[in-house]
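Numbers given in this note's numbering equal positions in the sequence shown, counted from 1, plus 53. Using N, Cα and C, we set each Cβ at its ideal position, and we do this for glycine too. Each remark here refers to the structure printed beneath this line.
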Amino acid sequence: KRSYEKAIKIFCTFTNENENPKIVNIRNKIKNNWGEWSSCLEISKEDKQLNHEGMIFSHLAKYENEFVQALDETGLTGLIINSYSSYLFNKILMELNKEQKFVNKLAVVGFSIDINDLSISKKYHELMDMDGIKKEYFNNIDFPSLSYNGRNKIAYYTINDFKWKKDDRDIIIEFTLPMGVYANLFLDNIIDNKSREVKLE
């Protein structure tokens, strides 16, 4: 949306109930000192977990109002845009699962991807409309690092070589997944841990 300062502020000051209280306190101090970039830099140094925030404030202390360039210092700009596309992909996939509509591949939306299935295209547009996002927003001519082409991604994977055995009190499971597919998601579904109450190791 080109709201660069707002994006940086959310990145550096947003907190939630799962965050370490020390980090919450630091983020609140940053919020109270917003615009005083040297002060924000010093505050961010109170915990090394906030190294990306430190990179941002270090840049802003030298070059005030260069918000995109400051975010680019972290190397996370592409990840942020891709994360939003992946979020949309997951929402659509969940809807398709509920409807029991199975597709081999599904678009991860970007500015150059064509979504041929009209019903899926409509779902994407409805989700993006809720966020005030248009497909062309993924093409940022001013800052190419904030652009994303999009791609087609395999929607369903096959679990191979599945074996299990009981060993005293433990159940030992063996299986093979393609690269990039998370084993913990598969295991969460096996033990009906969808709420993630159990941390799987």
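Backbone secondary structure at residue i - three-state DSSP
i      : result
ARG204 : strand
PHE303 : The displayed coordinates of the chain run from 54 to 254. Any statement about residue 303 would go beyond what the structure contains.
ASN213 : strand
LEU159 : strand
LYS84  : helix
LYS187 : coil
LYS154 : coil
LYS54  : coil
LYS175 : helix
LYS219 : strand
SER198 : helix
SER165 : coil
PHE120 : helix
When the options are compared against residue i, the one with the closest alpha-carbon
i      : options                        : result
ASP54  : LEU238, GLN102, VAL121, GLY88  : The sequence shown places Lys at residue 54, not Asp. The residue with the shortest Cα to Cα distance from LYS54 is VAL121.
ILE166 : ASN150, ASP221, PHE142, ASP184 : PHE142
GLU152 : ASN169, ILE168, LEU129, LYS176 : LYS176
ASN150 : TYR209, ASP184, SER56          : TYR209
Sub-8 Å separation of residue i and residue j beta-carbons
i      : j      : result
VAL161 : GLY203 : yes
TYR201 : ILE134 : yes
GLY107 : LEU124 : no
LEU79  : GLU99  : Reading off the sequence, residue 79 comes out as Ile, not Leu. Yes, the Cβ-Cβ distance between ILE79 and GLU99 is below 8 Å.
ALA114 : TRP90  : yes
ILE96  : LYS75  : no
HIS112 : LEU129 : no
Proximity test, residue i beta-carbon vs the ligand NAP heavy atom, cut-off 7 Å
i      : result
PRO197 : The model depicted lacks the ligand NAP and carries no ligand whatsoever.
Count the CB pairs spanning the segment 213-222 and the segment 181-198 that are closer than 8 Å, and state whether there are at least three.
With the cut-off at 8 Å, the segment 213-222 and the segment 181-198 do not touch.
Take every Cβ of the segment 127-142, pair it with every Cβ of the segment 153-168, and state whether three or more of those distances are shorter than 8 Å.
yes
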